[in-house]
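Asks: The numbering of the sequence shown is the working numbering, which starts it at 13 and goes up by one.
C-beta: ideal position from N, C-alpha, C; glycine also.
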Amino acid sequence: MSHLSKLQKRCPGHGKYIWLFSHIKTHQVLCALSPHPKEHKMLKQLTFYGKQTQAQEIRADLFQPFAAIVTPSPEFGMNVYQKLREYRHVRDYQWTFRPTTKEVEETLEKAMEEKRLPRFDQTLPTLKERGKLLMDQKASTIADLAHILSRETKSARIKKAREKGKAKKARRLKEAKWTEVKELALKAEAGELQKFNSLVMRREDAIQAAETPKKKALGKKGLMMLKIKRNQLLRAKEGVDFVRGLEVPLAQRLKWNQNFSAMVQSRTKRIVNPEKPPPPPEEPEEEPEETVPRILRKKKTKSGDPIYATDPSKNPRSAGIDPRFTPNIREQLDGYQGPEDILIQWKDESDAYYAEEWPPEVMHQHIPDTKYAAMNDTMDDTSAAEAEQQEAAEREAEEADEKRKNSFMGKFKDAVRAPFEMNSVKTDGQEARR
13 MSHLSKLQKR CPGHGKYIWL FSHIKTHQVL CALSPHPKEH KMLKQLTFYG
63 KQTQAQEIRA DLFQPFAAIV TPSPEFGMNV YQKLREYRHV RDYQWTFRPT
113 TKEVEETLEK AMEEKRLPRF DQTLPTLKER GKLLMDQKAS TIADLAHILS
163 RETKSARIKK AREKGKAKKA RRLKEAKWTE VKELALKAEA GELQKFNSLV
213 MRREDAIQAA ETPKKKALGK KGLMMLKIKR NQLLRAKEGV DFVRGLEVPL
263 AQRLKWNQNF SAMVQSRTKR IVNPEKPPPP PEEPEEEPEE TVPRILRKKK
313 TKSGDPIYAT DPSKNPRSAG IDPRFTPNIR EQLDGYQGPE DILIQWKDES
363 DAYYAEEWPP EVMHQHIPDT KYAAMNDTMD DTSAAEAEQQ EAAEREAEEA
413 DEKRKNSFMG KFKDAVRAPF EMNSVKTDGQ EARR
């Protein structure tokens with residue numbers, strides 16, 4: 013069993029959701045299959061572009077999520093994730109900032125013909141400029157995402173149409189076969205069955221009256237062919253009678269039951285021993301509570317306005333990868349067509365315009381900035397209680413200080429400390445007198 017199969021068995025739905033993180037300064041992009049990925053896995057996606065271009069750690073304040081993708085199935089999501097990583101690898105190692113050999117030769121030939129020095133229109137970037145250009149991945153990643161989704165949705169449409177064509181062809185073949193069966197049944201009712209019965213009896217008598225073994229062998233071969241044709245007519249007639257609701261002989265019903273039981277036993281992987289009691293029925297597993305992704309999760313404040321934030325009662329980092337989220341929010345959107353649709357949630361919806369065109373199955377949704385919405389919101393009950401306790405402690409400390417100053421011992425200590433405090437003061441850049 014592969015590592016991916018183990019993950020999908022342990023966490024159903026693994027790969028259905030994809031998160032995209034972007035560096036707020038360099039615009040480097042990281043892909044993840046969970047809202048809180050492990051750091052050592054994210055560091056593998058960072059490429060060395062030059063000196064001081066590769067981060068040594070993933071800081072949550074620098075790499076922030078800017079998009080979440082909800083795919084129709086885990087297999088579809090894993091294909092999109094794989095293609096995103098492959099496209100990023102190609103862009104990292106197959107860039108071309110320098111002119112090709114062919115372009116250099118063409119420029120030199122043209123300059124020699126015109127009798128002038130060769131001159132290139134563009135200047136080559138320095139190492140630092142090249143690193144900045146390669147690290148600016150946000151726009152190219154969004155364009156790659158649109159292209160990947162177009163490819164995957166097109167292949168899904170072709171596969172769906174092919175399956176529909178196969179089902180239609182099978183239904184057409186089934187109808188043609190049933191038409192053939194009904195024609196055979198009509199022939200049997202017209203007297204063809206009785207004719208073959210008489211031919212079988214005659215051939216059997218001829219075999220018994222045959223003198224040589226060669227004639228008997230030929231007679232048996234012809235008898236076998238007659239019996240095959242007769243059985244076809246008989247089965248067709250019985251099948252049509254059964255569909256019409258007519259009575260089928262008991263012997264034929266018992267034979268059908270026997271054949272059906274043999275077929276079931278041959279196709280059953282595990283046959284229960286009748287001597288042993290059957291195993292107890294499996295208890296249905298309790299379905300886990302459906303959660304919502306971090307970007308989809310809603311939290312209501314005192315004023316009743318919903319803000320998007322994480323659930324404080326759960327620690328997603330300790331829970332590990334748990335992508336069993338509900339995509340029912342897609343049904344609330346306009347233009348929802350079915351489970352084949354893809355939902356992309358943007359922190360800034362204008363990022364979607366980096367792509368030239370999106371497939372018709374993709375829907376877009378804007379998610380507000382959760383950080384500042386939560387900071388500007390009114391405090392909840394726990395925060396208010398903590399603030400009141402802090403104010404009370406400060407008030408008690410001020411009252412105790414005032415009591416100490418007004419007491420006899422407090423005045424005496426202040427009088428003793430006064431000369432030393434005066435000698436420690438410096439004025440006009442000179443030391444005070446001692």
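Looking at the structure shown, is F60 part of a helix, part of a strand, or coil, going by DSSP?
Replies: Residue 60 sits at position 48 when you count from the first residue of the sequence shown. Reduced to three states, the DSSP call for F60 is coil.
Asks: For the region 80-100 and the region 150-162, state whether three or more C-beta atom pairs, one from each stretch, are separated by less than 8 Å.
Replies: The answer is yes - the region 150-162 touches the region 80-100, with three or more Cβ pairs under 8 Å.
Asks: Rounded to the nearest angstrom, what separates D104 and S362 at their Cα positions?
Replies: Walking along the sequence shown from the start, residue 104 turns up at place 92. Walking along the sequence shown from the start, residue 362 turns up at place 350. Whole-angstrom Cα-Cα distance: 25 Å.
Asks: Determine the DSSP secondary structure at Q20, reduced to helix, strand or coil.
Replies: The residue you call residue 20 lines up with position 8 of the sequence shown. Here Q20 sits in helix by DSSP.
Asks: Can you list, in chain order, the residues of its chain whose CB lies under 7 Å from that of K63, leaving out five sequence neighbours each side?
Replies: Counting from one through the sequence shown, the residue named residue 63 turns up at place 51. So the list is empty, once near-sequence residues are dropped.
Asks: Excluding sequence positions up to five away, which residues of its chain have a Cβ less than 7 Å from the Cβ of H378?
Replies: If you number the sequence shown from 1, residue 378 lands on position 366. Once the five neighbours on either side are set aside, the close Cβ partners of H378 are W358 and E361.
Asks: Taking the alpha-carbon of A200 as reference, which of Q244, E406, V41 and S46 has the nearest alpha-carbon?
Replies: Against the sequence shown, residue 200 aligns to sequence position 188. If we check each option's Cα against that of A200, Q244 comes out closest.
Asks: Please classify P84: is it buried, with 16 or more other beta-carbons within 10 angstroms of its beta-carbon, or exposed?
Replies: Here residue 84 refers to the residue found at position 72 when the sequence shown is read from its first residue. The residue is buried, with at least 16 neighbouring Cβ atoms inside 10 Å.
Asks: Could you check if L185 is buried or exposed, using at least 16 other CB atoms within 10 Å of its CB as the buried criterion?
Replies: Within the sequence shown, residue 185 is the residue found at index 173, counting from 1. With fewer than 16 Cβ atoms within 10 Å of its Cβ, L185 is classed as exposed.
Asks: Leaving out the 5 sequence neighbours to the left and right, which residues in its chain are closer than 7 Å to N91 when beta-carbon positions are compared?
Replies: For this step, residue 91 is matched to residue 79 along the sequence shown. Within the same chain, N91 has close Cβ partners E164.
Asks: Among the candidates K150, L198 and E406, whose CA atom is the shortest distance from the CA of L32?
Replies: Here residue 32 is taken as the residue at index 20 of the sequence shown, counted from 1. Out of K150, L198 and E406, K150 has the C-alpha closest to the C-alpha of L32.
Asks: Locate the beta strand (DSSP E) running through S167, then write down its first and last residues.
Replies: The residue labelled residue 167 in the question sits at position 155 within the sequence shown. Per DSSP, S167 belongs to no beta strand (DSSP E); it is in the alpha helix (DSSP H), K150 to K199.
Asks: Could you give the distance in angstroms between the alpha-carbon of A222 and the alpha-carbon of M237?
Replies: Here residue 222 refers to the residue found at position 210 of the sequence shown. Here residue 237 refers to the residue found at position 225 of the sequence shown. Each residue's Cα considered, the two are about 18 Å apart.
Asks: For K249 and L205, which I take to be in contact (beta-carbon distance under 8 Å), what is that distance rounded to the nearest angstrom?
Replies: Here the question's residue 249 lines up with position 237 in the sequence shown. Here the question's residue 205 lines up with position 193 in the sequence shown. Contact flag correct, Cβ pair sits at about 7 Å.
Asks: So what does M375 bridge to, in DSSP terms?
Replies: On the sequence shown, residue 375 is found 363 positions in, with the first residue counted as 1. Bridge partners of M375: L355.
Asks: Compute the beta-carbon to beta-carbon distance between T460 and G143, rounded to the nearest angstrom, for a pair I have assumed lies under 8 Å.
Replies: Any property of residue 460 remains undetermined from this structure, which presents the chain solely from 13 to 446.
Asks: Ends of the beta strand (DSSP E) at Y93?
Replies: Here residue 93 refers to the residue found at position 81 when the sequence shown is read from its first residue. That residue, Y93, is in no beta strand (DSSP E); its alpha helix (DSSP H) goes P86 to Y105.
Asks: Which of helix, strand or coil does DSSP assign to K137?
Replies: Along the sequence shown, read from residue 1 onward, the residue named residue 137 stands at position 125. Here residue 137 is Pro; the residue named in the question, Lys, does not match the sequence. DSSP places P137 in coil when its eight states are reduced to three.
Asks: Using C-beta distances below 7 Å, list every residue in its chain close to I36, excluding the 5 sequence neighbours before and after it, in chain order.
Replies: Position 24 of the sequence shown, counting from 1, holds the residue named residue 36. Excluding positions up to five away in sequence, the list reads L74 and Q76.
Asks: By DSSP, does I219 sit in helix, in strand, or in coil?
Replies: Within the sequence shown, numbered from 1, the residue matching residue 219 stands at position 207. I219 falls in the helix class under three-state DSSP.
Asks: Quick one: measure Cβ to Cβ for I30 and L161, integer angstroms, because I've assumed they're closer than 8 Å.
Replies: Indexing the sequence shown from 1 puts residue 30 at position 18. Indexing the sequence shown from 1 puts residue 161 at position 149. So it is not a contact: roughly 11 Å between Cβ atoms.
Asks: Would you tell me roughly how many angstroms separate the C-alpha atoms of E216 and S273, rounded to the nearest one?
Replies: Here residue 216 refers to the residue found at position 204 of the sequence shown. Here residue 273 refers to the residue found at position 261 of the sequence shown. If you take the alpha carbons of E216 and S273, they lie about 33 Å apart.
Asks: Using 10 angstroms around the beta-carbon of R242, count the other beta-carbons present and answer buried if the total reaches 16, otherwise exposed.
Replies: By 1-based counting over the sequence shown, the position of residue 242 is 230. So R242 ends up on the buried side.
Asks: Take D426 and list the residues in its own chain whose beta-carbon comes closer than 6 Å to its own, dropping the five residues that flank it on each side.
Replies: Here residue 426 corresponds to residue number 414 of the sequence shown, with the count starting at 1. Result list for D426: empty, nothing under 6 Å.
Asks: How about Q357: is its C-beta nearer than 8 Å to some C-beta of chain D?
Replies: Checking the listed chains, one finds no chain D in this structure; it contains a single protein chain.
Asks: On the DSSP bridge assignment, give the partners of Q76 in chain order.
Replies: Within the sequence shown, residue 76 is the residue found at index 64, counting from 1. Note: Q76 sits in a beta bridge opposite S34.
Asks: Can L45 and Q57 be called in contact, C-beta distance under 8 Å?
Replies: Working through the sequence shown from its first residue, we reach residue 45 at position 33. Working through the sequence shown from its first residue, we reach residue 57 at position 45. No, these two residues do not count as a Cβ contact at 8 Å.
Asks: So what's I70 in DSSP terms, helix, strand or just coil?
Replies: Your numbering for residue 70 matches position 58 in the sequence shown. Reduced to three states, the DSSP call for I70 is coil.
Asks: Which residue marks the beginning of the alpha helix (DSSP H) containing L45, and which one marks its end?
Replies: Start at 1 with the first residue of the sequence shown, and residue 45 comes out as number 33. Note, L45: premise wrong, no alpha helix (DSSP H); not H, not E.
Asks: Which residue or residues does DSSP assign as beta-bridge partners of I240?
Replies: To locate residue 240, count along the sequence shown from 1; it is residue 228. In the DSSP output, where bridge partners are listed per residue, I240 has none listed.
Asks: Nearest by alpha-carbon distance to K194: which of R247, A412 and S17 is it?
Replies: To locate residue 194, count along the sequence shown from 1; it is residue 182. When each option's Cα is compared against that of K194, the closest is R247.
Asks: I need the straight-line Cα distance from H52 to R71, nearest angstrom please.
Replies: As a working note, residue 52 is residue 40 in the sequence shown. As a working note, residue 71 is residue 59 in the sequence shown. Cα to Cα, the separation comes out at about 12 Å.
Asks: Taking Q68 as the reference, which of A79, A80, I81 and M54 has the closest Cα?
Replies: Counted from its first residue, the sequence shown places residue 68 at position 56. Closest by alpha carbon: M54.
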